[in-house]
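Here the protein sequences line up with chains A and B, keeping their order. Oh and the first sequence: position 126 is 126 in the working numbering, straight run, nothing missing. Oh and the second sequence: position 211 is 1211 in the working numbering, straight run, nothing missing. Every residue gets a Cβ at the ideal spot worked out from N, C-alpha and C, and that includes glycine. Worksheet: one structure, shown below.
Protein chains: 2
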Amino acid sequence: METVRDDAGVYARVERFFDETFSTDNPLITEAVKRMLAAGGKRLRPRMTLLAASACGDDADEHLYLAAYMELIHVATLIHDDVVDNASTRRGVNATAIDYGNRVSVLAGDYLFAWIFKNVTANYDAPIPHILSATLADICDGEVLQLRSLGVLDLPVETYVDVARKKTASLFAASAECGAIAAGGSPDQVEALREYGDLYGIAFQMKDDLLDVTADAAAIGKPVGNDLHERKMTIPLILALGTGDAALRARVETYYDGRGGDADVAAIVADIARVGALDLTRGRIADYAARAKAALAPMGASGAKTELERLADALAAD
Amino acid sequence: METVRDDAGVYARVERFFDETFSTDNPLITEAVKRMLAAGGKRLRPRMTLLAASACGDDADEHLYLAAYMELIHVATLIHDDVVDNASTRRGVNATAIDYGNRVSVLAGDYLFAWIFKNVTANYDAPIPHILSATLADICDGEVLQLRSLGVLDLPVETYVDVARKKTASLFAASAECGAIAAGGSPDQVEALREYGDLYGIAFQMKDDLLDVTADAAAIGKPVGNDLHERKMTIPLILALGTGDAALRARVETYYDGRGGDADVAAIVADIARVGALDLTRGRIADYAARAKAALAPMGASGAKTELERLADALAAD
């Protein structure tokens, strides 16, 4: 598994919590969760909850369950992402669904959502249960918008940001916000941390898109250009098309219309670099990361605040 | 669409609410919900919420939204039931998944769950949000138990009842309980109505199983013996096997081991009738229906109570 830089020690605490304390009353969930957790991940969402609680002056260890629920919402969405479509089984991948079948994947994800909400409604006062269910609605809404945006070559950057905000940033925002609320943060602190999570999450999605066209396949655990293969409108592609390069546009039109082959993916990846869209993307990421850090202005100095700033810097670093 | 006897007028009120008032902020959900509602159904869960509120002395019309959420939880589970398994696509059916694809079915169901909880947590105090999320967990747990029970020929009746209680009765129990709570019913009334819903729901599942081996295919909208085809352990089959009839046992073993053909389904259906298991099943249904009515003893006389009694009687009638 990857090495995670963990200056504030929260990653280690989350991992230990999942290893030693966390369990559910159902073997199916426990297995599905452990399988997903074992596959890797930086536990960024629970870390954000703990760091937000800590930045508000509370003991992070008091909020490990709440932090764990944030990771589990993410895990449940991943389990459902694994459901194989009839129309797309040829495209492969998808561990849970292939090993257990779609029925069990759907059921395990539903069960996990229900189990989380059952626990959250039992143990946390308003508005935390509402924030989490509204966040799940946002995630689904973002996924629907993304499906509708597939292959829309002239997708405005604003629409891309709206999708990323809902699909990805909403859970980071909720993770930070709920940590702050549970820790008794002031309204200004809660708002600052929510804002941080929102901006961080948008930068995070952009970085994820960037890695799809720059990283080693081994490093990201999926083929390079996988997003393009799925006809997603990623930020490097949108910015590349925005340069007006005719050769790239023609190639993308061919491929996204289904008239191309796998060799076109590599050519599009090369074109994105050629027209300078990698640096344009890096600029956008740096901008959102800087705004995320700036959002933390109302927070007093603390080790947790420093770590939140470092996490934003890490997205902007290459 | 089938004609629904509606002495208390609650079915008509639910239908009018869905037709004229209900809407969501997302076209995908609205379409998925309207499609499911248009396919029929007796709206028993929302009727139970309204009747429970009314039986506690409140105006049923005050609780139409809460009632609608009960139906929508049911609709969301149906949408997810429609997801087609890789391993079982040959068996066919499944409208939503086939028309829209598994991805959209999973997303639409998730979105609907999230949307319901977002609204319930915004508009209803504890314990209603917790009851609903715990109910969803029970439904999923029941479905998992049912998957594990497929083809288990010696399944005890108690295990069958446990599965039916979780998978089916939990939502009826929650529908009645939440209606009573929202209407300000006393603890005794809330408990009585929850108990009614639980017992009604078990009888309802048994009746559903019975119809699978007795009804016209046209009347139930699926092939006769469909449950057997899926290797489910239904109550008529369990009670039929419980008679010790060797010919039936051998036939079921052959079919459930995958060595039989479609003609065996018809033969098993005939055997279930031959060994008297249809009447044994009717006896169980009548027993649960009587217990459901008896649970209403703490409720004062009212038109709503009479209608709840009539609904239980309707399950026991043939």
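Item                                                                                                                                                                               : Value
Under a Cβ-count criterion, where at least 16 other Cβ atoms within 10 Å of its own Cβ denotes burial, should A1176 (chain B) be classed as buried or exposed?                     : buried
To be precise: take each residue of the segment 108 to 122 of chain A, compare its Cβ to all Cβ atoms of chain B, and keep it if any distance is under 9 Å. Which residues remain? : A108, G109, D110, Y111, L112, F113, A114, W115, I116, F117, K118, N119, V120, T121 and A122
On the CB-based measure, 16 or more other CB atoms within 10 Å of its CB, does R1284 (chain B) come out buried or exposed?                                                         : buried
Taking the alpha carbon of G276 (chain A) as the point to measure from, which residue in A:L237, A:A289 and A:E230 has its own alpha carbon closest?                               : A:L237
Along the chain, where does the alpha helix (DSSP H) that runs through K1305 (chain B) open and close?                                                                             : G1303 to A1316
Fully enclosed by the segment 173 to 210 of chain A, which alpha helix (DSSP H) runs are 4 residues long or longer?                                                                : none
Mind checking if V157 (chain A) is an interface residue toward chain B, Cβ cutoff 8 Å exclusive?                                                                                   : no
Under three-state DSSP, which class holds M70 (chain A)?                                                                                                                           : helix
Any idea what DSSP makes of V163 (chain A), helix, strand or coil?                                                                                                                 : helix
Output the distance between the C-alpha atoms of G1151 (chain B) and L1199 (chain B), rounded to the nearest integer angstrom.                                                     : 25 Å
With 8 Å as the threshold, decide whether the Cβ of C1140 (chain B) is near any Cβ in chain A.                                                                                     : yes
Does DSSP classify T234 (chain A) as helix, strand or coil?                                                                                                                        : coil
Please determine, among A:G9, A:V4 and A:T3, the residue with the shortest C-alpha to C-alpha distance to G303 (chain A).                                                          : A:G9
From W1115 (chain B) to T121 (chain A), what distance separates their C-alpha atoms?                                                                                               : 16 Å
Compare the beta carbon distance of A203 (chain A) and A312 (chain A) with 8 Å and say whether it is the shorter of the two.                                                       : yes
Can you check whether the C-beta of R1016 (chain B) is within less than 8 Å of a C-beta belonging to chain A?                                                                      : no
Is the segment 10 to 24 of chain A in contact with the segment 53 to 71 of chain A, if contact means three or more CB pairs nearer than 8 Å?                                       : yes
Is there contact between the segment 181 to 193 of chain A and the segment 45 to 57 of chain A, where contact requires at least three CB pairs shorter than 8 Å?                   : yes
Sorted by chain position, which residues of the same chain lie with C-beta nearer than 8 Å to Q1146 (chain B)'s C-beta, five sequence neighbours on each side aside?               : V1163, K1167 and K1232
By Cβ distance, which residues of its chain are closer than 7 Å to I1235 (chain B), with the 5 residues on each side in sequence left out?                                         : Y1160, M1206, D1209, T1281 and R1284
Compare the C-beta of A1316 (chain B) with all C-beta atoms of chain A and state if any pair is closer than 8 Å.                                                                   : no
If we cut at 8 Å on Cβ distances, does D99 (chain A) have a partner in chain B?                                                                                                    : Confidence at D99 (chain A) is low in this model, with a pLDDT of 49, below 50, so its placement is unreliable and no value can be given for it.
Could you tell me the distance, in whole angstroms, from the CA atom of D1019 (chain B) to the CA atom of M1048 (chain B)?                                                         : 19 Å
Which one of A:G197, A:A301, A:D216 and A:N226 has the shortest CA to CA distance from A289 (chain A)?                                                                             : A:G197
Given that a residue counts as buried once 16 or more other Cβ atoms are within 10 Å of its Cβ, and exposed if not, what is A38 (chain A)?                                         : exposed
With a threshold of 8 Å between beta carbons, is E230 (chain A) in contact with chain B?                                                                                           : no
When you compare the CB of E143 (chain A) with every CB in chain B, is at least one pair closer than 8 Å?                                                                          : yes
Any residues in the segment 161 to 182 of chain A with a beta carbon nearer than 8 Å to a beta carbon of chain B? Which ones, in chain order?                                      : none
What does the alpha-carbon distance come out to for the pair L193 (chain A) and A1292 (chain B)?                                                                                   : 51 Å
Does N1102 (chain B) come within less than 8 Å of chain A when only Cβ atoms are used?                                                                                             : yes
Taking Cβ positions only, does H74 (chain A) come closer than 8 Å to chain B?                                                                                                      : no
Comparing C-alpha positions only, which one of B:D1058, B:A1173 and B:V1104 sits nearest to R1074 (chain B)?                                                                       : Position check: residue 1074 (chain B) holds His in this sequence, whereas Arg was assumed. The shortest C-alpha separation from H1074 (chain B) is found at B:A1173.
Please state whether DSSP places M299 (chain A) in a helix, a strand or coil.                                                                                                      : coil
Can you round the beta-carbon distance between N119 (chain A) and Y69 (chain A) to whole angstroms, since I take them to be within the 8 Å contact cut?                            : 7 Å
In three-state terms, what does DSSP make of K1118 (chain B)?                                                                                                                      : helix
Measuring only between beta-carbons, confirm whether T306 (chain A) sits less than 8 Å from chain B.                                                                               : no
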